[in-house]
């Protein structure tokens, strides 16, 4: 009988973000983040109220394989981004 191997599922991260509408040019902050699979070694950057740029710096700058696959601004002060690990 042939062995069946399970296909490894991709790691996905969905991040919802917002800016302070009263401060022009304010940084984007994480409202919520959902991880399917693993976000290691950057899980600590995905907490609510943390800066989105810090999460991006960890997820995209390290050689861990995450890339932005979709992003959308839902208004001038909010949006979401989907990242997938390609490694």
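In this note's numbering, the protein residues as written are -16 to 70.
In this text, a Cβ means the ideal position worked out from N, Cα and C, and glycines have one as well.
7 Å Cβ shell around residue i - same chain, five flanking residues per side excluded
i          : result
residue 21 : -6
Spatial distance of residue i from residue j (CA atoms)
i          : j           : result
residue 55 : residue 17  : 16 Å
residue -9 : residue 7   : 43 Å
residue 52 : residue -3  : 10 Å
residue 67 : residue 33  : 20 Å
residue 57 : residue -14 : 46 Å
residue 1  : residue -12 : 41 Å
residue 62 : residue 48  : 23 Å
residue 59 : residue 10  : 12 Å
residue 50 : residue 69  : 7 Å
residue 39 : residue 25  : 9 Å
residue 65 : residue 44  : 16 Å
residue 42 : residue 23  : 9 Å
Identified DSSP bridge partners for residue i
i          : result
residue 51 : 66
residue 1  : 12 and 61
residue 35 : Answer is none; residue 35 lacks a bridge partner.
residue 18 : -4
Exposure of residue i, with buried meaning 16 or more beta-carbon neighbours within 10 Å
i          : result
residue 13 : buried
residue 35 : buried
Own chain residues within Cβ distance below 8 Å of residue i, not counting five before or after
i          : result
residue 29 : -4, -2, 13, 16, 18, 22 and 38
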